[in-house]
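Input: a single structure, listed below in structure tokens.
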Ligand code: GAP
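In our numbering, the protein residues as written are 11 to 495.
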């Protein structure tokens, strides 16, 4: 497992190399809100594009939408978010700090593990799971007290009672104060899909089973917002709702559970850094649920959730909107009769784009040291980002800023731009420029030197093994396109 020190280095690196900045930093930032810089935005887009392609272009029966962030307030009443989207919280009366109960207990269990008290940690988590499943708050408080769990700030166990805290942000719509209605910033993108189920099904003449995919911002007033971009108040989700015939949902659930893990591996996440975690306490809408967890520098944590959501959401929307959410299935059942009208069941896949970004950055960040031929030590920090995700695919570097080399380099850059993101740099020694590209994660560097003027060849350097070869200028585009396919 990577460690917390390494995590602090990753955070610092993300800032230094234009990946992620604290939001409104000149005003000292805003807790749990982050901005993506010039390299971060491109990496994020590349991850999103891979997901979008795999969910829409590469599927026969999944289409995309882009619903608005603001939705009618009844949406959130129907979905259960107004009544149920809350976490059990506990306050420390001395420090006034508020904690999510499960995070507080999990943090203590992690400490026990680090001390080698694995059995105790496991027993504590099992007890917590069973009490959370019963919403037994007095017993949960007793569990915290009997385990001597204290506040990290005050160091005391002077805890309040446990109570529920709703995570949705509210705002007003309408210009006249007093007449304005309260609406919510969406806490998940999924509801934008449910309320458009009939629109898409009818206009797209979609036949069950089919899916609707969407990427977009979601907002949650997270109480314990920590661990960098792992848990943010404004974040991006990539969700897909797959509408199926009732009774087939658990087969489709198994299908998507396997498919989604395979997809993470296909974008370059090592299989041994991923694992499944089946839910003990099912959400109010689910009859099966699993997380795909990734081993972040702070341990295995949820990356993606896959839920069999039954017909809960469509039924709820039908109830409150009084619009029929039914589908007519003219396929024949085993008795030769059409399945007829029903409210479809739904299997959902939901991954946090920012968490996936953090997974890619954490697995790519490497501090490397080696011995040179003369016996001295050399080192570098390199981001081994899979080439198809890297912000820039190629850096073009004229060896010197004269003798016509910049002109050749710029001509090459002009040709490459059509096909992939290219970076041009002529400042500093070539060694320093290579190191900078390693730190950004650019998989290839082409150096234009004096020999280029004679035979139209350039050196191309591979980020990962630092080997160099000479190839013809005409071969550059093809080589990079092969690498990022
Ligand atoms: N529609 C289902 C849903 O929203 P969820 O498990 O609450 O389920 C899905 O969220 C995914 O969204 C999570 O697996 C995680 O990757 C991401 N996510 C949730 N809350 C987040 C937060 N505060 N910051 C960053 N990502 C978050």
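Don't be surprised by glycine CBs; every beta carbon is placed ideally from N, CA and C.
What you are looking at is a predicted structure, and each value in this text was computed from that prediction instead of being measured.
A Cβ-Cβ contact shorter than 7 Å links residue 231 with residue 179.
Nearest neighbour of residue 351 by Cα position, chosen from 341, 357, 359, turns out to be 341.
Annotation: the continuous beta strand (DSSP E) that includes residue 318 extends over 309-320. Distance check between residue 198 and each of 89, 431, 147 places 89 closest, using alpha-carbon atoms only. When the five nearest sequence neighbours on each side are left out, the beta carbons in the same chain lying within less than 7 Å of the beta carbon of residue 431 are those of 52, 401, 402, 403, in order along the chain. Straight across, the Cα-Cα distance linking residue 470 with residue 477 is about 8 Å. A distance of 7 Å or more separates the beta carbons of residue 327 and residue 252.
Approximately 6 Å separates the beta-carbon atoms of residue 452 and residue 433; this is inside 8 Å, confirming the contact. The DSSP-derived three-state label of residue 95 is coil.
Closest option to residue 70, judged by alpha-carbon separation, among 79, 223, 375, 192: 223. For the 7 Å CB-CB criterion, residue 229 and residue 246 do not form a contact. In this structure, the CA atom of residue 132 is about 17 Å from the CA atom of residue 111. Only residues of its own chain outside the window of five on either side were considered, and among them 260, 263, 318 have a CB closer than 7 Å to the CB of residue 298, listed in chain order. Burial state of residue 101 is buried, judged by a 10 Å Cβ sphere holding 16 or more other Cβ atoms. In this structure, residue 202 sits away from residue 191, with a CB-CB distance that is not shorter than 7 Å.
With a 10 Å radius around the Cβ and a threshold of 16 neighbouring Cβ atoms, residue 372 comes out buried. Residue pairing from DSSP places residue 468 in a beta bridge opposite 481. Per DSSP, residue 429 is not a residue of any beta strand (DSSP E), being assigned neither H nor E. Between residue 283 and residue 304, the gap from beta carbon to beta carbon is short of 7 Å.
The C-beta of residue 194 has 16 or more other C-beta atoms within 10 Å across all chains shown, which makes the residue buried.
One thing to note: residue 482 has its Cβ no nearer than 7 Å to the Cβ of residue 460. Relative to the ligand GAP, residue 178 has its C-beta separated by 6 Å or more from all heavy atoms. Residue 413 and residue 458 have their C-alpha atoms some 11 Å from each other. Annotated as proximal: residue 367 and residue 54, with beta-carbon spacing under 7 Å.
Under the DSSP assignment, residue 64 falls outside any alpha helix (DSSP H); it carries neither an H nor an E label. By the neighbour-count criterion, in which 16 or more other beta carbons inside 10 Å mark a residue as buried, residue 215 falls on the exposed side.
With a cutoff of 6 Å, residue 360 counts as near the ligand GAP, since its C-beta is closer than that to a heavy atom of the ligand. Take the alpha-carbon of residue 348 and the one of residue 338: they are about 9 Å apart.
Three or more Cβ pairs drawn from the stretch 114-123 and the stretch 147-162 lie within less than 8 Å of each other, which places the two stretches in contact. One Cα belongs to residue 296, the other to residue 271, and the distance between them is close to 20 Å. Ranking 407, 442, 32 by CA distance to the CA of residue 392 puts 442 first.
Between the stretch 78-95 and the stretch 126-146 there are fewer than three C-beta pairs closer than 8 Å, too few to call the two in contact.
DSSP places residue 274 within a helical segment (H, G or I) once states are collapsed to three. Excluding sequence positions up to five before and after residue 280, its CB lies within less than 8 Å of the CB of 373, all in the same chain and listed in chain order. The C-alpha of residue 250 is placed about 15 Å away from the C-alpha of residue 302. For the pair residue 407 and residue 455, the CB atoms are nearer than the 7 Å cut-off.
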